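Reading the sequence shown from the start, the letters are residues 1394 to 1455 in my numbering. Just so it is clear, CB atoms sit at the ideal spot from N, CA and C, and this is done for glycine as well. Treat the numbers as computed from the prediction; the structure is a model and nothing was measured.
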Amino acid sequence: MVEKVSYVEVTCSHCEGLGCIYCDKKGCVPVKAPAKKCRHCEGEGCIYCGYTGWAGLKGKYD
Ligand SMILES: [Zn+2]
Ligand SMILES: [Zn+2]
């Protein structure tokens, strides 16, 4: 069984929506719903969240 995972777009914490290399210059990133701040850095950005400040980043695993 494959669970269907939905994603939501959230504002990248690293650039606060301006666009940076971590969000592919989009200013937002897709994260697993419901969106949660990264528990490692509490939104500051670290290696675990790909420097976006969010947990469950699409394509990466927490
Ligand atoms: Zn960004
Ligand atoms: Zn983090």
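{"Item": "Should Gly1446 be labelled buried (16 or more other beta-carbon atoms within 10 Å of its own) or exposed?", "Value": "buried"}
{"Item": "Which partner residues does Pro1423 have in the DSSP bridge list?", "Value": "Glu1402"}
{"Item": "Go through its chain and collect everything with a Cβ distance to Cys1421's Cβ below 8 angstroms, but skip five positions before and after it.", "Value": "Glu1402, Val1403, Thr1404, Cys1405, Gly1410"}
{"Item": "Do Pro1423 and Lys1397 have their C-beta atoms within less than 7 angstroms of each other?", "Value": "no"}
{"Item": "Quick one: what's got a C-beta closer than 8 angstroms to Tyr1415's C-beta in the same chain, skipping five residues either side?", "Value": "Cys1405, His1407, Cys1408, Val1422, Gly1438, Gly1443, Tyr1444, Thr1445"}
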